Amino acid sequence: MMHSDIKSRPEYRALEPDLAGNRHLLVIEGETLQHGRLDALAGTFAPVAGQLQTWLVGAPTAASGLGKVWQLAGPDAVLDAFACASRGFGMGDRLYVQGTEPFLWSVAGAAALVGFGPGQVQLHHAGSLRRRVWCTHCHAFTDGVTTNIVPCGGCGRHLLVRDHFSRRLGAFMGVMVDAEAPGEIPAIEEVFA
Amino acid sequence: MSIAFKPEETFRGDYSYRNSDAAILRFPFPFPEDRYMYSVNIEPHTRSGPSDVFLRPFDVDEHYIAECRDRAITLERDPGRCQVLPHMMMAQWDTLELLMENLSADYPELFSLTKEGDDFGSRWTWINRPLRIKQSFIFGDAGTLPCEPFEYITRQAQGDFAICDQRDDNLYMDAGMITAQADWSLEFDVGMSFMEWHGPVPLAHQAGVFERALKYLLMLRLGQPVRRLNWTMSINPRLDTSPESFPEWGPDRSSVTPDNAGHKVHLRVELQTLWRLPRSNAILFPIRCYLASLDDLARVPKWGKRLNRVLATLPPQLAEYKGLTRYLPATLEWLAKHDDGAELPVGTEAGVTTLAPR
Ligand code: HEM
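Chains as they are written, first to last, in this note's numbering: chain L, 599 to 791; chain U, 842 to 1199.
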């Protein structure tokens, strides 16, 4: 897991079932599902297995030992699933999310809309450190960013990826790197593997 | 007291903004000493202080009309500069009431407010003479105003405004009218907590500044506003130095030379006040911005010298964060010519009552 000094980025922790909850929903981004890790996750959630539901998002294979398992195609399907499942969720429910950072925050945002409060949600960052970048100039998102500087998918400006994170947007701030001296673009390096 | 407004001056394009001699003398110069570092510089917002800008809770000056117009231009181009989360309606009315009451009490020739009652449901009439507005509305009924109450009143006020909701022993930036910011984005920050939105500030977190400031603010009391000064620098008298428009104003930072620094480089001082709001228990954070060129400041000998010393010794992390790095050498070269090295008294007062000729 990452360590970071970025004040606006949360501390992500390992998931741990909250025994005070009465129903438990685990949402896992498929690409972060590793074979050995799956058994470990099943072990972690064994105490609440009877009340556990798991949404596997974009996973190639099914999983067992994680309560009732649903396969969802992608992040959009998670939003839809929340929308139609919303009648069922209440104060006693607990949500656990494992995935890359943009995934965590899109699920957390969708969950907040159907009434999950911060105390009901745990987020565990796993998989790649790629960043989603929000362009301060045109407000477009650029996904899967691994470099310190990236061309904006919206306006094409070269954005410096700043260490400033917005949970609402699930993204880091990108600011035109050569705004002061157009054309002066520093070396581009791979930094978020 | 009558104010000679300058309705035609601009904060973009030809940048025709200028300070009168009186405006220079009342500038809230922020440096009591020859060195500067972040601190918890919060004090009661009483009607007194080393500059006239402190005499009234919400200062109105000669730039009022032009600043309101500049805000309207920015909002037209980017409506996202005003954002209010849905649970903030009560705080919107609190803000409108606070501003209307204070402005009409302190500037009766400019503003007037007549009320049939203090409660929701009563009829109020607001008159803003400089902007030629007369509006009757039902206090508490947003449908009786041309736009929501927070946007309505802050379009008629100088300075930016943020409203912080207080919950879980924290403050959340859940509303803002932000068109004159020193390079931060409301769209990015809206909904953030106190530590999150202060994330990019260097050195202050480690020094415990934000932890202590937050503790203090959580206990802020109704009727006992507090204030602090913050500062940075801008090239040209530009209010909209947002990250959104950085591609427009960024190149100006490369245009500074020791010859033109005097009229290009501006000290940008924010008088920030903090107000507990009565019904919502939120905190209103007005950020009133004052701009003065180096030419202006050097006409007060103490200020020109002091600015030279503060900038010459500024920690590099602060210079970088404030975006000064590229033009600091040219600025210092200009300022050094106005500093004879004489010892200066502690304090921010101008120490003169008339200015050296231009
Ligand atoms: C509660 C209302 C407040 C709001 C809404 C607010 C907002 C902000 C924002 C948006 C920034 C820019 C951060 C960035 O770079 O993105 C900032 C900077 C800063 N704030 Fe606050 N702030 C508040 C109160 C305070 C208080 C009470 C202090 C007292 C110590 C403080 C100290 C600072 C400092 C030192 C900076 C860096 C400014 C610079 O060097 O130019 N703030 N604030």
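All C-beta atoms, glycine included, are put in the ideal place defined by N, C-alpha and C. Treat the numbers as computed from the prediction; the structure is a model and nothing was measured.
- If you check each beta-carbon in the segment 1082 to 1094 of chain U against every beta-carbon of chain L, the ones closer than 9 Å belong to Ser1083, Pro1084, Glu1085, Ser1086, Phe1087, Pro1088, Glu1089, Trp1090, Gly1091, Pro1092, Asp1093, Arg1094.
- In this structure, L:Gly707 is the residue among L:Val646, L:Pro615, L:Ala785, L:Gly707 with its C-alpha nearest to the C-alpha of Gly768 (chain L).
- Within 10 angstroms of the beta-carbon of Met774 (chain L) lie 16 or more other beta-carbons, which makes it buried.
- Glu788 (chain L) and Lys1056 (chain U) have their C-alpha atoms some 40 Å from each other.
- Ser1095 (chain U) is not a Cβ neighbour of Leu1132 (chain U), given a cutoff of 8 Å.
- With fewer than three CB-CB distances shorter than 8 Å, the segment 889 to 900 of chain U does not count as touching the segment 1080 to 1088 of chain U.
- Take the alpha-carbon of Val759 (chain L) and the one of Glu849 (chain U): they are about 39 Å apart.
- Residues of chain U whose Cβ lies closer than 9 Å to the Cβ of Ala777 (chain L) are, in chain order, Phe1087, Pro1088, Glu1089, Trp1090, Gly1091, Pro1092, Arg1094.
- The C-beta of Pro1157 (chain U) comes no closer than 8 Å to any C-beta of chain L.
- Taking a Cβ-Cβ cut-off of 9 Å, the neighbours of Met774 (chain L) in chain U comprise Pro1084, Phe1087, Pro1088, Gly1091, given in sequence order.
- Along the segment 726 to 739 of chain L, going in chain order, the ones with a CB nearer than 8 Å to a CB of chain U are Trp732, Thr734, His735, His737.
- Between the C-alpha atoms of Pro1142 (chain U) and Asp1136 (chain U) there is a straight-line separation of about 11 Å.
- The segment 962 to 994 of chain U is shown to contain whole beta strand (DSSP E) runs of 3 or more residues at 964 to 969, 974 to 979, in chain order.
- Contact with chain L is absent for Val925 (chain U), since none of that chain's Cβ atoms lies less than 8 Å from the residue's Cβ.
- Close to Met1033 (chain U), with beta-carbon spacing below 8 Å, are these residues of chain L in chain order: Ser606, Ser764, Arg765, Arg766.
- Chain-ordered, the chain U residues with CB closer than 8 Å to the CB of Met771 (chain L) read Ser1026, Phe1029, Pro1084.
- The three-state reading of DSSP puts Ser945 (chain U) in helix, counting H, G and I together.
- Residue pairing by DSSP places Ala1016 (chain U) opposite U:Val925, U:Ile1004 in a beta bridge.
- Using a 10 angstroms sphere on the CB of Glu782 (chain L), the tally of other CB atoms stays under 16, which defines it as exposed.
- Taking a beta-carbon distance threshold of 8 Å, Arg611 (chain L) does not count as an interface residue toward chain U.
- Restricted to the segment 694 to 732 of chain L, the alpha helix (DSSP H) segments that are unbroken, complete and at least 4 residues in length are 699 to 711, listed in chain order.
- Contact between the segment 610 to 627 of chain L and the segment 642 to 650 of chain L is present: 3 or more CB-CB pairs across the two stretches fall below 8 Å.
- By the rule that beta-carbons nearer than 8 Å mark a contact, Arg692 (chain L) does not touch chain U.
- Tyr905 (chain U): not part of any beta strand (DSSP E); member of the alpha helix (DSSP H) spanning 905 to 918, first to last residue.
- Asn1122 (chain U) has its Cβ no nearer than 7 Å to any heavy atom of the ligand HEM.
- Bridge pairing for Phe952 (chain U): U:Asn969 [DSSP].
- Bounds of any alpha helix (DSSP H) do not take in Asp761 (chain L); it lies within the beta strand (DSSP E) bounded by 756 to 764.
- For Pro780 (chain L), the chain U residues whose Cβ falls inside 7 Å of its Cβ are Pro1092, in order along the chain.
- By the C-beta density criterion, Val1193 (chain U) is exposed, having fewer than 16 other C-beta atoms within 10 angstroms.
- Contiguous beta strand (DSSP E) elements confined to the segment 619 to 677 of chain L occur at 621 to 627, 650 to 655, 666 to 670, taking only those with 3 or more residues.
- The beta carbon of Cys1005 (chain U) sits closer than 7 Å to at least one heavy atom of the ligand HEM.
- Thr630 (chain L) is not a Cβ neighbour of Gly742 (chain L), given a cutoff of 8 Å.
- Annotation: the continuous alpha helix (DSSP H) that includes Met1036 (chain U) extends over 1035 to 1038.
- When C-beta distances to chain L are compared with 7 Å, the residues of the segment 1147 to 1177 of chain U below that value are Arg1167, in chain order.
- For Lys975 (chain U), same chain residues with a beta-carbon under 6 Å away, outside a window of 5 residues either side, are Ile968 in chain order.
- Taken from the Cβ of Tyr610 (chain L), every heavy atom of the ligand HEM lies 7 Å or farther away.
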